[in-house]
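Please read the structure below before turning to the comments.
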Amino acid sequence: MRKHISYNIFNIVTIFIVTMFFSCNDSFKQVQKIGISENEPIGVDHNVNLKYTDSGRVSANLISTKVLDYTNRDFPFRQFTDGVTLYIYDKDNKKSTVQADNAFVYDNTNLIDMQDNVVITTHDNQVLKTEQLFYNTTKEWLSTNKPVSFKTKTDLINGNGFDSNSEFSNAEVLEVTGIITLED
């Protein structure tokens with residue numbers, strides 16, 4: 001009888017241990033999230049001034065007053081809430097400027113979503129204005145399907161949509177709604 005009770009206790013303990021072992025599959029990630037609401041940023045940066053260098057030369061300078069870090073989410077991103085200014089310098093140190101009231105940087109997709117009062121001024125004074133513009137950092141491609149105003153050296157072109165490489169060497173306004181020729 002004593003062997004039978006010991007055998008039953010051994011079986012119960014074994015079942016209990018096996019159950020605990022298989023139930024602890026993702027508890028570490030859950031413990032990390034304790035105290036962090038998924039609706040809140042994991043961090044907030046103020047007065048950001050980042051300089052990107054390439055071979056010892058400053059290639060870009062990003063300035064923003066507030067950045068919210070949501071990289072703790074399943075689809076991680078950073079949000080520039082109080083405006084962002086990006087100065088981009090080419091090989092000849094000529095400066096182009098990108099400004100927006102809001103911007104979202106999605107690292108998993110290599111996509112930047114600029115929103116609200118987006119203005120790009122190139123080093124040769126071409127100016128693009130729109131309410132939303134996407135930049136694919138992998139393909140170095142700009143695009144939008146929102147209304148745009150694009151000022152070149154000779155024309156002011158309005159339309160619905162825009163596509164271009166990052167150098168504006170093949171900039172195209174889509175669905176042109178009007179062209180005004182500028183005088184010198």
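Residue numbers (our numbering): 1 to 184.
Ideal Cβ positions, reconstructed from N, Cα and C, are used throughout, including at glycine.
The structure presented is a predicted model; accordingly, all values stated were derived computationally and were not measured.
From the options, residue whose alpha carbon lies closest to that of residue i
i      : options                        : result
Ile179 : Lys139, Val119, Ile42, Asp155  : Asp155
Asn145 : His123, Met114, Gln126, Thr122 : Met114
His46  : Val84, Phe75, Asn39, Asn108    : Val84
Asn110 : Thr97, Thr138, Leu128          : Thr138
Pro158 : Phe168, Asp107, Thr181         : In the sequence as displayed, the identity of residue 158 is Asn instead of Pro. Cα-wise, what sits closest to Asn158 is Thr181.
Asn61  : Val44, Ser96, Asn108           : Ser96
Ile112 : Ser143, Asp124, Asn125         : Ser143
Asn72  : Lys94, Ser55, Val44            : Val44
Asp82  : Asp124, Phe150, Val48          : Val48
Whether residue i touches residue j by CB criterion (8 angstroms)
i      : j      : result
Ser59  : Tyr89  : yes
Asn165 : Glu140 : yes
Asp116 : Asn136 : no
Arg78  : Tyr87  : no
Val118 : Val127 : no
Val98  : Phe80  : no
Val148 : Phe134 : no
Counted within 10 angstroms of its Cβ, other Cβ atoms place residue i as buried (16 or more) or exposed
i      : result
Tyr52  : exposed
Asp92  : exposed
Thr122 : buried
Val173 : buried
Phe75  : exposed
Leu50  : exposed
Thr177 : exposed
Residue span of the beta strand (DSSP E) that contains residue i, given as start and end
i      : result
Ala171 : From DSSP, Ala171 is part of no beta strand (DSSP E); its letter is neither H nor E.
Ile42  : No beta strand (DSSP E) contains Ile42, which DSSP labels as neither H nor E.
Leu156 : 155-165
Gln132 : 127-136
> Unbroken beta strand (DSSP E) runs of length 3 or more, entirely within the segment 62-87: which are they?
Replying inline: Counting only runs of 3 or more, we get 78-80.
> What beta strand (DSSP E) runs, 3 residues minimum, are completely inside the segment 82-118?
Replying inline: Listed in chain order, the complete beta strand (DSSP E) runs (minimum 3 residues) inside the segment 82-118 are 84-89, 95-100, 102-106.
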